[in-house]
Amino acid sequence: MFSCAKCGCTNCEKGEIRTTGSGVSRFLNLQNQKFGFMACEACGYTEFYRMDGKGGLGTVFDVLTN
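So the number in this note's numbering is just where the residue sits in the sequence shown, counting from 1, plus 1257.
Structure representation (structure tokens):
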């Protein structure tokens, strides 16, 4: 169960984002870093959690869509 560390609210929004890393992946705009997030619906405080982004198929899709 979610409980906001800032205000104590128990309602949250959950989702995922992808970001680029450094070096060659940044130059090629490969979004190979995957994070999940939980954002408090009351105050907006957001926590990010690193997720496994080592999927080969996901990397192929990133290359094709850039």
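Glycine residues also receive a C-beta, built at the ideal position from the N, C-alpha and C atoms.
Exercise. Exposed or buried, Cys1300, counting other C-beta atoms within 10 Å across all chains shown (16 or more means buried)?
Worked result: Position 43 of the sequence shown, counted from the start, is the residue given in the question as residue 1300. By the 10 Å Cβ count, Cys1300 comes out exposed.
Problem set entry | Residue interval of the beta strand (DSSP E) (run including Phe1294) | Position 37 of the sequence shown, counted from the start, is the residue given in the question as residue 1294. Residues Gln1290 to Cys1297.
Problem set entry | Whole-angstrom distance between Phe1259 and Asp1309, CA atom to CA atom | Position 52 of the sequence shown, counting from 1, holds the residue named residue 1309. Position 2 of the sequence shown, counting from 1, holds the residue named residue 1259. C-alpha separation (whole angstroms): 21 Å.
Problem set entry | Secondary structure of Phe1259, DSSP reduced to three states | Along the sequence shown, one-based indexing puts residue 1259 at 2. Secondary structure at Phe1259: coil, using DSSP grouped into helix, strand and coil.
For this session: Leaving out five residues on either side along the sequence, give the residues of the same chain with a beta carbon under 8 Å from the beta carbon of Thr1267.
Result: Indexing the sequence shown from 1 puts residue 1267 at position 10. In its chain, beyond the 5 residues on either side, Met1258, Phe1259, Ser1260 and Cys1261 have a beta carbon closer than 8 Å to the beta carbon of Thr1267.
Exercise. Under the three-state reduction of DSSP, which class applies to Gly1301: helix, strand or coil?
Worked result: Numbered from its first residue, the sequence shown carries residue 1301 at position 44. Coil.
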